[in-house]
Amino acid sequence: MTEKIIVTSALPYANGPIHFGHIVGAYLPADIFVRYQRMRGEDVHFVCGTDEHGVAITLKAEQAGQSYPDYVDHWHREIGRILDSIGIEFDLFSGTAAHHNPFHAELAQGFFLDLMRNGYLEQRTEEQFYSATLGRFLPDRYVEGTCYKCNSPNARGDECPSCGSWLDAKQLIDPRSTLDGSTPVLRETRHWYLKLDQIRDEWLAEWFTAKTAEWKVNVRHFVASALDDLRARPITRDLPWGVPLPGEFAEAGKVLYVWFEAPIGYLSISKQYWNGQGQPERFEQLWKDPATKLYHFLGKDNITFHAVVFPAMLWGTKAGWVVPTNVPANEFFNLEGKKFNTSKGWYIPESSISGRFPVDGLRYALATMMPETADSDWSWREFQARINDDLADNLGNFVARTLRFAERFLDGAIPDLGPLLPQDRELLDAGAAAAEEIGAHLASFSFRKACARLMAFGNTCNKYYDTEQPWATRKTDPARCGQTLRVCAEAIRTLAILARPILPDTSGKILEALGVTAPPTWADAGGVGLPAGPLRAEPLPVLFPKVADQLVAEELAKLEKMAAEPTEGAPAVASPATEAGAAGDAAQEPIAPEIGFDQFTAVDLRAGTIVAAARHPKADRLLVLQVDLGFEQRTIVAGVAQSYDPATLTGTRVVAVVNLAPRSLRGVESQGMLLATDGPDGKPRFVAPGEGAPNGTRVR
42 MTEKIIVTSA LPYANGPIHF GHIVGAYLPA DIFVRYQRMR GEDVHFVCGT DEHGVAITLK
102 AEQAGQSYPD YVDHWHREIG RILDSIGIEF DLFSGTAAHH NPFHAELAQG FFLDLMRNGY
162 LEQRTEEQFY SATLGRFLPD RYVEGTCYKC NSPNARGDEC PSCGSWLDAK QLIDPRSTLD
222 GSTPVLRETR HWYLKLDQIR DEWLAEWFTA KTAEWKVNVR HFVASALDDL RARPITRDLP
282 WGVPLPGEFA EAGKVLYVWF EAPIGYLSIS KQYWNGQGQP ERFEQLWKDP ATKLYHFLGK
342 DNITFHAVVF PAMLWGTKAG WVVPTNVPAN EFFNLEGKKF NTSKGWYIPE SSISGRFPVD
402 GLRYALATMM PETADSDWSW REFQARINDD LADNLGNFVA RTLRFAERFL DGAIPDLGPL
462 LPQDRELLDA GAAAAEEIGA HLASFSFRKA CARLMAFGNT CNKYYDTEQP WATRKTDPAR
522 CGQTLRVCAE AIRTLAILAR PILPDTSGKI LEALGVTAPP TWADAGGVGL PAGPLRAEPL
582 PVLFPKVADQ LVAEELAKLE KMAAEPTEGA PAVASPATEA GAAGDAAQEP IAPEIGFDQF
642 TAVDLRAGTI VAAARHPKAD RLLVLQVDLG FEQRTIVAGV AQSYDPATLT GTRVVAVVNL
702 APRSLRGVES QGMLLATDGP DGKPRFVAPG EGAPNGTRVR
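Under my numbering, the first residue of the sequence shown carries the number 42, and numbering increases by one thereafter.
Here it is, written out as structure tokens:
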């Protein structure tokens, strides 16, 4: 009987790009799982979208001089492009802002009303930290201090990264604002709280206990710890951007907290999809059918929200929404032994990947490195080994040697099937066994094991080819040669089917070469299923070109150079956005220590124009600029190569610091600095002088 399955990936926060850590945590495993379930014939619905509210977005949009919708649109497009580039195929990739999704606010407000009606919300008037210098209330994440549980000096108002405890911001020792470094004051404000502890006692704890045999060990431990310290949490906050409270509860400037309304985006995006398909009834048929299975794919930073908070919300509405069947969260993904960190140069530039390797090769390599139960690493040498050893020398080699032999010596046709010898049956049976085992691995989220089992079957196929020696039997026993090639072609068909969830494009190319036109099902793997007849006319191209040692050496050197490259005298690059998910309000950079007026006036700022630009000969992140200051031209080195193509900079107006002592940056003397600010993409953008200001005009 066909199963109804809903699959979601954590909503990426629309405040910055996503990287490989996000892809292997939430998006690639979900896509592989969905493709497998659809091949089994299940009724699968796969949705995602950007999380588009929260303090971090309001602050960054204001800094960029953009409206909130324009700001989230930029990151919605960029994140969608990255997901497309790795072959992630959702039914719908939408968002939570009203201009992207007309159903989200109403559904989120409905959750509020249902929880209120059922006694799971309470209103509290209490003190909250307030920044007198900024004139705004401070969300918990914008207050730091010393943890009152473990004495760590870098605790946030909502959580201590050292001991992992949820915290009450008001109890922090020596609190300070992360926005400006000032000491915040307490002021009264009124907010609504979700009684998570009550829902735990009524249902959540018992429900979770029943899941312990099904969920990953790392998820179970995380949830068990969270349940012990569960308490009521605020679900509203004071912000100009977000989902307003419904009806009689509406207050100016008060919205639903992003952690509360963001996961409701899974439902609202689903509703948006089915309405767009002209089947609005399908929404509740899926989300309110007790037999529907719901899977949330995400990184471990989002476990609490999806395995504790969101199930509590779904159940607490008493509206019949399904609750998660499983939350197969992954751990963190690092780069060559260290955390991805864009601001410190420890990341993989898009130029190192885009267009240089087949997308399926990247998908496969990432699948073999997935942090399924413990943190894992991207390693350039491991990437090379997976492409060269697994895809090129194993799978690609078997496909190429078989099909090229048929093209050259069998008139480009698949021979008729003759009597099967024991070794022929053994290979065909091995394909059926591999299908069963790989399917079990994919169904249980063991994607690394699935990759290993796929390659094990590939090795079996290559061994069969070597043992049967068709190059010899072509002369001594043509019938046996033809039979060997037919069995090899059947094994290739099975390999293509088993690889399809992970290598969808490659699978399609192989099946097309074999003359298979109908979309394959998982049950088609193993046995015999090819029609006798010609292969396609043109030869199959090399599926996976090998990755050269030199390329790996260059990428490792590039990585070390980016990490070691000095950025003094150049605008600092903004830190990357927070991890994807409903929790993501990023901290704003604190204001620098106070200086005197005389110190400020000692800095000489002048209007100028860039008249020439070139890349630094020894530093990928630096540009060498010639700046016309009216009274002279100067060479200024700036760390803006990620933001600007030097060919487009001629004529750009800038503001230069002209009384800064010259400094050598990687062998080029820089005679000043250029002012810059963070752009909406987190990269530096030049500050321009006022219109009509001639070169050399002092900026005061």
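All residues carry an ideal CB built from backbone N, CA and C; glycine is no exception. Given the structure is predicted, the values throughout are model-derived calculations rather than measurements.
For a cut-off of 8 Å, the C-beta gap from A475 to L552 is around 17 Å, too long to register as a contact. Here DSSP, grouped into helix, strand and coil, assigns V260 to helix.
Within the same chain, and ignoring the five residues on either side of G556 in sequence, the residues whose Cβ sits closer than 8 Å to its Cβ are I455, L571, P572, G574, P575, L576, R577.
Each residue's CA atom was taken as its position, placing V85 and T650 some 57 Å apart.
When secondary structure is reduced to three states using DSSP, V363 falls in the coil class, being assigned neither helix nor strand. Taking every protein chain shown into account, the CB of H140 has fewer than 16 other CB atoms within 10 angstroms, so this residue is exposed. Sixteen is the threshold: when 16 or more other Cβ atoms of the shown chains lie within 10 Å of the Cβ of A433, as they do, the residue is buried.
Residue environment analysis places D111 among the exposed positions, since fewer than 16 neighbouring C-beta atoms fall within 10 angstroms of its C-beta.
Taking 7 Å as the cut-off, the Cβ atoms of A493 and L483 do not count as close. In this structure, the alpha-carbon of I479 lies about 14 Å from that of Y405.
The criterion of a C-beta distance shorter than 7 Å is not satisfied by A97 and V284.
Counting C-beta atoms within 10 angstroms of its own C-beta, T558 has fewer than 16 neighbours from the protein chains shown and is therefore classed as exposed.
Under DSSP, H145 shares a beta bridge with no residue. A Cβ-Cβ separation of about 5 Å places A604 in contact with W387 under the 8 Å criterion. Here D238 really is in contact with L271; their C-beta atoms are around 5 Å apart, less than 8 Å. Measuring C-alpha to C-alpha distances from Y505 to each of K516, D518, C522 identifies C522 as the nearest.
Taking every protein chain shown into account, the CB of M42 has fewer than 16 other CB atoms within 10 angstroms, so this residue is exposed.
Going by beta carbons, T99 and W300 fall outside the 7 Å limit. Close CB contacts of W256 within its chain, under the 7 Å cut and outside five residues either way in sequence, are with N367, V368 (chain order). Within the same chain, and ignoring the five residues on either side of A67 in sequence, the residues whose Cβ sits closer than 7 Å to its Cβ are S50, A51, F338, L339, G340, A621. When secondary structure is reduced to three states using DSSP, R494 falls in the helix class.
Secondary structure in the segment 496 to 558: the alpha helix (DSSP H) runs of 4 residues or longer, each lying completely within the stretch, are 511 to 517, 519 to 540, 545 to 554 in chain order. Between the segment 54 to 71 and the segment 117 to 124 there are three or more inter-stretch CB-CB distances shorter than 8 Å, so the stretches are counted as touching. Inclusion of G713 and A697 in the CB contact set at 7 Å is warranted, their separation being smaller than that value. Take the alpha-carbon of P202 and the one of Q425: they are about 35 Å apart. Residue range 69 to 80 is occupied by the alpha helix (DSSP H) that includes P70. In the DSSP assignment, N438 falls within the alpha helix (DSSP H) that extends over 438 to 450. About 19 Å separates the Cβ atoms of R427 and T414, ruling out a contact at the 8 Å cut-off. In this structure, L715 places its C-beta atom within 7 Å of the C-beta atom of V695.
Three or more beta-carbon pairs separated by less than 8 Å are not found between the segment 123 to 130 and the segment 263 to 270, which leaves the two stretches without contact.
Of all alpha-carbon atoms in E391, D132, E289, the one lying nearest the alpha-carbon of G90 is that of D132. One alpha carbon belongs to S395, the other to I129, and they sit about 15 Å apart. Cβ neighbours of F152 within its own chain (closer than 7 Å, five residues either side excluded): I305, M354, T358. Per DSSP, reduced to three states, the secondary structure at G66 is helical.
Take the alpha-carbon of S309 and the one of S684: they are about 35 Å apart.
Setting aside the 5 residues that flank it on each side, D72 is surrounded in the same chain by I129, each with a C-beta closer than 6 Å to its C-beta; the list follows chain order.
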